[in-house]
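Okay, so here's the structure we're looking at.
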Amino acid sequence: MTAALRFDPIRLPEKCEQLRKEVRAFLAEEIAAGTFDPHQPNREDTDAPEFSRRVGAKGWLGMTWPKKYGGQERSFLERYVVTEEMRVANAPTRRFFVADRQSGPVLLKYAPEHIKMDILPRICRGEICFAIGMSEPNSGSDLFAAKTRATKTDGGYLINGTKIWTSSAHIADYMIAIFRTSPPTKENRRHGLTQFLVKMKQPGIKVNPIGQITGQYEFNEVVFTDYFIPDDHVLGEVDGAWKQATSELAYERSGPERFLETYYVLTELVRAVGPDPDTRSAEGIGRLVAQLHTMRRMSVSVAGMLEAGKEPVVEASIVKDIGTVWEQQLPHRVRDLAAFVEETATNRETLERQLDFAIKTAPKLTIQGGTTEVLRGIIARGLGLR
Amino acid sequence: MAFSDHRAQEEPARRPKGRANGQNTGNAVAESDNIVVETAEKIFADLADPQTINNDKKDSWQAPLWQALSEAGLPLAWVPDDLGGSAASLADGFALLNAAGRFAVAVPLAETMLAGWLLAQAKIASPEGEMTVLPASPKDRVTLDADGALSGRARGVPFAKAAKHFAVLVHSKDGVSIALVDAAKVRIEAGLNVGYDHSDTVTLDRVQPVTIKPAPKGLDQTNLMLMGGVVRSLQIAGALESMLDISVRYSNERVAFEKKISKFQAVQHNLARLAGESAAALAAATSAADAIANAKSFNDEVYLEAASAKIRCAEAAERGGGIAHQVHGAIGFTMEHILHRYSLRALAWRDDFGSESYWAVELGKLVANRGADELWPLVASR
Numbered sequence: 001m002t003a004a005l006r007f008d009p010i011r012l013p014e015k016c017e018q019l020r021k022e023v024r025a026f027l028a029e030e031i032a033a034g035t036f037d038p039h040q041p042n043r044e045d046t047d048a049p050e051f052s053r054r055v056g057a058k059g060w061l062g063m064t065w066p067k068k069y070g071g072q073e074r075s076f077l078e079r080y081v082v083t084e085e086m087r088v089a090n091a092p093t094r095r096f097f098v099a100d101r102q103s104g105p106v107l108l109k110y111a112p113e114h115i116k117m118d119i120l121p122r123i124c125r126g127e128i129c130f131a132i133g134m135s136e137p138n139s140g141s142d143l144f145a146a147k148t149r150a151t152k153t154d155g156g157y158l159i160n161g162t163k164i165w166t167s168s169a170h171i172a173d174y175m176i177a178i179f180r181t182s183p184p185t186k187e188n189r190r191h192g193l194t195q196f197l198v199k200m201k202q203p204g205i206k207v208n209p210i211g212q213i214t215g216q217y218e219f220n221e222v223v224f225t226d227y228f229i230p231d232d233h234v235l236g237e238v239d240g241a242w243k244q245a246t247s248e249l250a251y252e253r254s255g256p257e258r259f260l261e262t263y264y265v266l267t268e269l270v271r272a273v274g275p276d277p278d279t280r281s282a283e284g285i286g287r288l289v290a291q292l293h294t295m296r297r298m299s300v301s302v303a304g305m306l307e308a309g310k311e312p313v314v315e316a317s318i319v320k321d322i323g324t325v326w327e328q329q330l331p332h333r334v335r336d337l338a339a340f341v342e343e344t345a346t347n348r349e350t351l352e353r354q355l356d357f358a359i360k361t362a363p364k365l366t367i368q369g370g371t372t373e374v375l376r377g378i379i380a381r382g383l384g385l386r
Numbered sequence: 001m002a003f004s005d006h007r008a009q010e011e012p013a014r015r016p017k018g019r020a021n022g023q024n025t026g027n028a029v030a031e032s033d034n035i036v037v038e039t040a041e042k043i044f045a046d047l048a049d050p051q052t053i054n055n056d057k058k059d060s061w062q063a064p065l066w067q068a069l070s071e072a073g074l075p076l077a078w079v080p081d082d083l084g085g086s087a088a089s090l091a092d093g094f095a096l097l098n099a100a101g102r103f104a105v106a107v108p109l110a111e112t113m114l115a116g117w118l119l120a121q122a123k124i125a126s127p128e129g130e131m132t133v134l135p136a137s138p139k140d141r142v143t144l145d146a147d148g149a150l151s152g153r154a155r156g157v158p159f160a161k162a163a164k165h166f167a168v169l170v171h172s173k174d175g176v177s178i179a180l181v182d183a184a185k186v187r188i189e190a191g192l193n194v195g196y197d198h199s200d201t202v203t204l205d206r207v208q209p210v211t212i213k214p215a216p217k218g219l220d221q222t223n224l225m226l227m228g229g230v231v232r233s234l235q236i237a238g239a240l241e242s243m244l245d246i247s248v249r250y251s252n253e254r255v256a257f258e259k260k261i262s263k264f265q266a267v268q269h270n271l272a273r274l275a276g277e278s279a280a281a282l283a284a285a286t287s288a289a290d291a292i293a294n295a296k297s298f299n300d301e302v303y304l305e306a307a308s309a310k311i312r313c314a315e316a317a318e319r320g321g322g323i324a325h326q327v328h329g330a331i332g333f334t335m336e337h338i339l340h341r342y343s344l345r346a347l348a349w350r351d352d353f354g355s356e357s358y359w360a361v362e363l364g365k366l367v368a369n370r371g372a373d374e375l376w377p378l379v380a381s382r
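Read top to bottom, the protein sequences are chains A and B.
Residue numbers for the first sequence follow our numbering, so the first one is 1 and each next one is one higher.
Residue numbers for the second sequence follow our numbering, so the first one is 1 and each next one is one higher.
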């Protein structure tokens, strides 16, 4: 067999179910206290610093990290449960989500000890927000075409250039970014990029919000002008960022956030059709639930492989490909099915409002964090086609 | 699944439990460290090679294959030894059927296994030879008359014409019974499914069964359909794995416009989607098999798993099989090529034990009936 894809039927261990109860109870309290409205999905607009600290106080940020950095040394499967419950509840996770999923693990692996001791505990306490500086005006999916320069100077680097589509840069305390320290070589076009820790809210950085078609301002243009980064903020190998990117991608690509982005419209559709649906509604809901269940089982399976120390890069890419296409189509399928919902359904307005938002959100889902085309290229390489 | 207390289910699963031991974390399904699957794969490789079978116009491969499978005890894998079987675990049997799908095996192995399983639920010993189960569709009914005779009609019964006995789920006013019926006593109208395998209409007109016993509490026709659906899901997932395999291989061989077609991005992306469909089918089917193998009853969670597997695998059969044909072009549309052995069977298997449309309606009703706020807890429970 050329393609040994593995999706073992991993089950979440018992301790996850206890944790799930705790997370649900916590979220129910937050909802009752008015922190957020679970029927209001446009959380990207909602910065909730106090909520972030309370999540940190629960021990649910950096929960897989070593205790000496503020972590809990819990499993990735436990983190999975926290992530999916937050996502399904439409909790305002924006302030901590990137730091917890991505930036913290990069720092753990590549930052010098004193920086880890300084920053990781603050992530765990929910105090700081991270952004990711990858795309540039002329390099989006093609990461290795980045041009923003980091020029060596006394004790550090001077940064000049522009990052773009940078989510949360306007509220972020830090960014992990790649900058060009050397030109690419003939043999390796990926050579010459270096990963840096960038302190935001400093002179030399200008953040310009960009309006999105949802009506929100979630991503930004970030302009660097002679911005100074000290030497100890280099993360990993100078000129060698390309070696550091791959393993994190499996985490970024296979989580529950890759198929639950528009999930709320399905819940609301089920509410709207009521306990005794007609055949058309029942069939539509049944198919969507079967597809959802299958994706979640695939996603949990990848989480289990990650927990076991493997790097299921192809499997993770498959989860993101199928998951994002599904969550993109979901609002349109729900709209089809909702077309015959009774005028009297009590949540009709909620459903319509949510559909409006989900339909506007949908186009980005197959673009952010690795486009469908890039993912299929990775899968094709895994199949031995490239 | 504990409808009977037969020994098999108490054996520790030979499947490694996911993580920890570092190697080959196994789903119920993939190759290796499973003696039942290894035995089966060796027999399939020797006697059920798709190319050899495809070249054999006289079907002379069938008898030696069945004999080898029988000698290895595989058709009665799910029957405890005191009832005449080889007492494999449910998990091993499911893994074996996934392997059978990878070879597009066209003898009534899955059907005999299911029949043996059904009979064992009521502590009825399995006879030798080919069997199948009926009904094979959720809407057909066989009923028990007051004088002990069975009547009813079952359509789309796989391999009925090849079967020597039937395991029959029977309805009566006292509940559900399981019966063993001699094939000579029924009327069979032969038919073929789209995969060219027998799919026949079986009519029982006041037939006296060989044996009939009450079904254990909790076993009903829906459970039989779910069990059959999971079997078909595993076979479809296996067929898709092979379709992916031969499509990738073909794309790396076939040259068009002066390069291998695997170098065209459009072809690469199609194959990436086929890999996704194959992966989804495998994940759904093995998850459902694992759920049934470890469950104590057919509760809502098992229902979600089994119904979802059938729905999602059927969708994958259509989408994935379509891509496999597209990659192969005209040669894949010929009888002489083996692709149709997988693609058409995968499509045909969609129809058995309830189609994906049927299960989608039923699952949708279940979800709606539980209510909107119970949907996520149900999904997350798995």
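Glycine included, every Cβ here is placed at the ideal spot set by N, Cα and C.
>> For residue 328 of chain B and residue 51 of chain B, what's the separation of their Cα atoms in angstroms?
In response: When rounded, the distance between both Cα atoms is 16 angstroms.
>> I need the straight-line Cα distance from residue 379 of chain A to residue 264 of chain B, nearest angstrom please.
In response: Using only the alpha carbons, I get a separation of about 14 angstroms.
>> With three or more beta-carbon pairs closer than 8 angstroms as the criterion, would you say the stretch 283 to 297 of chain B touches the stretch 281 to 288 of chain A?
In response: Verdict: no, contact absent.
>> Beta-carbon within less than 6 angstroms of residue 214 of chain B's beta-carbon, same chain only, minus the 5 sequence neighbours each way: which residues are those?
In response: Answer for residue 214 of chain B: 177, listed in chain order.
> So, is residue 241 of chain B buried or exposed, given that buried needs 16 or more other C-beta atoms within 10 angstroms?
Replying inline: Buried, because 16 or more other Cβ atoms sit within 10 Å of the Cβ of residue 241 of chain B.
> Any beta-carbon of chain D closer than 8 angstroms to the one on residue 279 of chain A?
Replying inline: This model lacks chain D altogether, as its protein chains are A and B.
> For residue 200 of chain A, which residues does DSSP report across the bridge?
Replying inline: Partner residues in a beta bridge of residue 200 of chain A, as assigned by DSSP, do not exist.
> Can you tell me whether residue 335 of chain B is buried or exposed, with buried defined as 16 or more other CB within 10 angstroms of its CB?
Replying inline: Residue environment for residue 335 of chain B: exposed (fewer than 16 other C-beta atoms within 10 angstroms of its C-beta).
>> Do residue 273 of chain A and residue 368 of chain B have their beta-carbon atoms positioned less than 8 angstroms apart in this structure?
In response: Contact flag set, yes.
> On the premise that residue 326 of chain B lies in contact with residue 385 of chain A, defined as a C-beta separation below 8 angstroms, what is that separation, rounded to the nearest angstrom?
Replying inline: Their Cβ separation, rounded to whole angstroms, is 15 angstroms, which puts residue 385 of chain A and residue 326 of chain B out of contact at 8 angstroms.
>> Within a Cβ cutoff of 7 angstroms, which residues of the same chain sit near residue 252 of chain A, ignoring the five residues on either side of it in sequence?
In response: These residues qualify, in order along the chain: 101, 102 and 369.
> Expressed to the nearest angstrom, what Euclidean distance is found between the alpha-carbon atoms of residue 333 of chain B and residue 321 of chain A?
Replying inline: Roughly 29 angstroms separates the two Cα atoms.
> So is residue 349 of chain B in contact with chain A if we call contact Cβ pairs under 8 angstroms?
Replying inline: No, no contact with chain A.
> In three-state DSSP terms, what is residue 370 of chain A?
Replying inline: Residue 370 of chain A falls in the coil class under three-state DSSP.
>> Taking 8 angstroms as the threshold (beta carbon to beta carbon), is residue 258 of chain B in contact with chain A?
In response: Nearest CB-CB separation between residue 258 of chain B and chain A: not below the 8 angstroms threshold.
>> Looking at residue 165 of chain B: is its Cβ nearer than 8 angstroms to the Cβ of residue 183 of chain B?
In response: Yes. Within cutoff.
> Rounded to the nearest angstrom, how far is the Cβ of residue 239 of chain A from that of residue 191 of chain A, given a contact under 8 angstroms?
Replying inline: Contact holds; Cβ gap of about 6 angstroms.
> Taking one C-beta from the stretch 306 to 315 of chain B and one from the stretch 221 to 238 of chain B each time, how about it: are there three or more such pairs within less than 8 angstroms?
Replying inline: Cβ pair count under 8 angstroms is three or more, so yes.
> Between which two residues does the alpha helix (DSSP H) carrying residue 252 of chain B extend?
Replying inline: From DSSP, the alpha helix (DSSP H) with residue 252 of chain B extends over 221 to 253.
>> On the CB-based measure, 16 or more other CB atoms within 10 Å of its CB, does residue 138 of chain A come out buried or exposed?
In response: Residue burial is scored here from C-beta neighbours: residue 138 of chain A has fewer than 16 other C-beta atoms within 10 angstroms and is therefore classed as exposed.
> Candidates B:174, B:55, B:246 and B:72: which alpha carbon is nearest residue 39 of chain B's?
Replying inline: Of the candidates B:174, B:55, B:246 and B:72, the one whose C-alpha sits nearest the C-alpha of residue 39 of chain B is B:72.
>> Using only CA atoms, which one of B:200, B:286 and B:60 lies nearest to residue 133 of chain B?
In response: Closest by alpha carbon: B:200.
>> Pull the bridge partners of residue 172 of chain B from the DSSP assignment, please.
In response: Residue 172 of chain B is bridged to B:175.
> Going straight from the alpha carbon of residue 104 of chain A to that of residue 49 of chain B, what length do you get?
Replying inline: Using only the alpha carbons, I get a separation of about 51 angstroms.
> Quick one: Cα of residue 384 of chain B to Cα of residue 171 of chain B, how far?
Replying inline: Beyond the ends of chain B as shown, which are 1 and 382, falls residue 384 of chain B; an answer cannot be given.
> First and last residue of the beta strand (DSSP E) that includes residue 165 of chain A?
Replying inline: Counting along the chain, the beta strand (DSSP E) containing residue 165 of chain A begins and ends at 156 to 167.
> Hey, how far is the Cα of residue 370 of chain B from the Cα of residue 27 of chain A?
Replying inline: CA-CA distance, residue 370 of chain B to residue 27 of chain A, rounds to 22 angstroms.
> Mind pulling the chain B residues with CB within less than 9 angstroms of residue 79 of chain A?
Replying inline: Residue 79 of chain A does not reach chain B, its nearest Cβ partner there being about 15 angstroms away, counting only Cβ pairs nearer than 9 angstroms.
>> Residues of the stretch 294 to 312 of chain B in Cβ contact with chain A at a cutoff of 7 angstroms, in chain order, please.
In response: Under the 7 angstroms Cβ criterion, the stretch 294 to 312 of chain B contributes 304, 307, 308, 311 and 312.
> Could you check where the alpha helix (DSSP H) with residue 309 of chain B kicks off and where it finishes?
Replying inline: Note, residue 309 of chain B: alpha helix (DSSP H), 300 to 328.
>> Less than 8 angstroms between the beta carbons of residue 230 of chain B and residue 281 of chain B, yes or no?
In response: For the pair residue 230 of chain B and residue 281 of chain B, the CB atoms are not nearer than the 8 angstroms cut-off.
> In chain B, which residues lie less than 7 angstroms from residue 273 of chain A when you measure between Cβ atoms?
Replying inline: Simply 368.
> Is residue 269 of chain B close to chain A, meaning its C-beta is less than 8 angstroms from at least one C-beta of that chain?
Replying inline: Judged by the 8 angstroms Cβ criterion, residue 269 of chain B is in contact with chain A.
>> Rounded to the nearest angstrom, what separates residue 283 of chain B and residue 262 of chain A at their Cα positions?
In response: When rounded, the distance between both Cα atoms is 22 angstroms.
>> Taking only three categories from DSSP, how would you classify residue 131 of chain B?
In response: The three-state secondary structure of residue 131 of chain B, taken from DSSP, is strand.
> If you draw a straight line from the C-alpha of residue 375 of chain B to the C-alpha of residue 267 of chain A, how long is it?
Replying inline: In this structure, the alpha-carbon of residue 375 of chain B lies about 7 angstroms from that of residue 267 of chain A.
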